[in-house]
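So the protein lines, in turn, are chains A and B.
When you line the first sequence up against my numbering, it's residues 4 to 165, in that order.
When you line the second sequence up against my numbering, it's residues 4 to 165, in that order.
Note that beta-carbon positions come from the ideal geometry of N, C-alpha and C, so glycine has one too.
Please read all numbers here as calculations on a predicted model, not as lab measurements.
There are 2 protein chains.
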Amino acid sequence: MTENNSKNDEITGLELSPRKVSYLKFLLTKGETVRTTEISEAFDVDPSTVTKLIAELAEDGYLDHIPYRGVTLTDAGKVYAEFCLKRHQILGLMFSHYGLTPEESCDETSRIETFVSKRAIDRMCSSMGHPTLSCCVKPGEARQINHDSCFHESRPNLIKKL
Amino acid sequence: MTENNSKNDEITGLELSPRKVSYLKFLLTKGETVRTTEISEAFDVDPSTVTKLIAELAEDGYLDHIPYRGVTLTDAGKVYAEFCLKRHQILGLMFSHYGLTPEESCDETSRIETFVSKRAIDRMCSSMGHPTLSCCVKPGEARQINHDSCFHESRPNLIKKL
DNA sequence: TTTAAATTTGGTATCGTGCCAAAAATTTGG
DNA sequence: CCAAATTTTTGGCACGATACCAAATTTAAA
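Dropping the structure here:
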């Protein structure tokens, strides 16, 4: 149940650049194989720019890239993307606690998220009681916060790890 | 009293790069004229690196630079630095609300602060009730949060500005 | 005033990100 | 099933932020 892969704790949350994090989150919400053009249109950048970033992400094991075909998240990529999404949601929730509108929260979060550590997010998440509602999901897409990547205090091996 | 300079509202909080913000905050805490070497030692970078960044900051009106002599904050620079310091404190306080230690709060804040808008900080500040205590000040230096840069809701011209 | 120390200049480098043009592969339409 | 259209990739280049080094310049010190 709560037996997450222990690999998870090796994530610091600071390993990827802003754009790469955006791509991973996008791929996660997209599901299956995604083509270069889909990404380049979603982010309004040149396809060649996408090709280069996904090459690096593939190199680092976050995704599988079949040239001229598209990319899919690897298992590690899914785990990481899940964390990124959750981080975004936790931070958005946090800003909303201080009176920012959902849009403002999302905006501010988008600028800072890649610089917030997993360690901090885990603490914040438990401090918030592991919330299931995110303040900033696209309407209709009522995705709940996924705590799989969370470093729950109740985990038996927490003591060792800390 | 609360008649801040209206220039203040022209600050978005996103105009300066991380290093530049660090320099301004450092200069503010230092007071008078500061020499290149002081900065380069404080941040452990080559003096030539400092020279270049302060040249840009001077160019943009944040400081006065007398070559071979040192730099001082201009009035605008002081205002901006004051805002940066406050932003750091508000964000640090925020993280501490979610169970992060002072050190963790300060660390996380240092990575994100330059990407958080003044608008967000102002909202957060009033949501917090304009706190005067910062969680992350260097020990001994019990600097209180300075709200001069704050966009108080009680300001008479708030309506127009919003 | 000659020497030492601090500062600035000019050159170069890396990382993240982006564009463009040309080449390569895939898809489509006849 | 093959030529044309579309997609993707490659290679080159660029820019902002940041950094280093070596050489030149200025200031300070002996």
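Classify residue i as helix, strand or coil using the three-state DSSP reduction.
{"i": "residue 14 (chain A)", "result": "coil"}
{"i": "residue 133 (chain A)", "result": "coil"}
{"i": "residue 49 (chain B)", "result": "coil"}
{"i": "residue 37 (chain B)", "result": "strand"}
{"i": "residue 24 (chain B)", "result": "helix"}
{"i": "residue 148 (chain A)", "result": "coil"}
{"i": "residue 66 (chain B)", "result": "strand"}
{"i": "residue 73 (chain A)", "result": "strand"}
{"i": "residue 54 (chain B)", "result": "helix"}
{"i": "residue 103 (chain B)", "result": "coil"}
{"i": "residue 19 (chain A)", "result": "coil"}
{"i": "residue 120 (chain B)", "result": "coil"}
How would you call residue i, buried or exposed, if buried means at least 16 neighbouring beta carbons within 10 angstroms?
{"i": "residue 34 (chain A)", "result": "exposed"}
{"i": "residue 51 (chain A)", "result": "exposed"}
{"i": "residue 122 (chain B)", "result": "buried"}
{"i": "residue 111 (chain B)", "result": "buried"}
{"i": "residue 125 (chain B)", "result": "buried"}
{"i": "residue 106 (chain A)", "result": "exposed"}
{"i": "residue 17 (chain B)", "result": "exposed"}
{"i": "residue 116 (chain A)", "result": "buried"}
What separation, rounded to the nearest whole angstrom, lies between the Cα atoms of residue i and residue j?
{"i": "residue 44 (chain A)", "j": "residue 65 (chain A)", "result": "21 Å"}
{"i": "residue 128 (chain A)", "j": "residue 92 (chain A)", "result": "10 Å"}
{"i": "residue 103 (chain A)", "j": "residue 78 (chain B)", "result": "30 Å"}
{"i": "residue 25 (chain A)", "j": "residue 38 (chain A)", "result": "15 Å"}
{"i": "residue 70 (chain A)", "j": "residue 53 (chain A)", "result": "12 Å"}
{"i": "residue 72 (chain B)", "j": "residue 40 (chain B)", "result": "10 Å"}
{"i": "residue 19 (chain B)", "j": "residue 76 (chain B)", "result": "15 Å"}
{"i": "residue 30 (chain A)", "j": "residue 74 (chain A)", "result": "9 Å"}
{"i": "residue 120 (chain B)", "j": "residue 46 (chain A)", "result": "22 Å"}
{"i": "residue 56 (chain B)", "j": "residue 23 (chain B)", "result": "7 Å"}
{"i": "residue 131 (chain B)", "j": "residue 85 (chain A)", "result": "31 Å"}
{"i": "residue 3 (chain A)", "j": "residue 135 (chain A)", "result": "Absent from the model: residue 3 (chain A). The displayed extent of chain A is 4 to 165, so no value can be given."}
{"i": "residue 94 (chain B)", "j": "residue 67 (chain B)", "result": "29 Å"}
Is residue i near the ligand PLP - that is, is its Cβ less than 7 Å away from at least one heavy atom of it?
{"i": "residue 149 (chain B)", "result": "In the structure shown, the ligand PLP is absent, as is every other ligand, since no ligand is present at all."}
Across the region 98-110 of chain A and the region 58-78 of chain A, are there enough close Cβ pairs to call them in contact, namely three or more that are closer than 8 Å? no
Going along the region 112-137 of chain A in order, which residues come within less than 8 Å of chain B, judged by CB to CB distance? 114, 115, 118, 119, 120, 122, 123, 126, 127, 129, 130 and 131
Give the residues from the region 45-71 of chain A that approach chain B closer than 9 Å (Cβ to any Cβ), ordered along the chain. none
Residues in the region 79-94 of chain B having any Cβ partner in chain A nearer than 7 Å: none
Any residues in the region 10-25 of chain B with a beta carbon nearer than 9 Å to a beta carbon of chain A? Which ones, in chain order? 17
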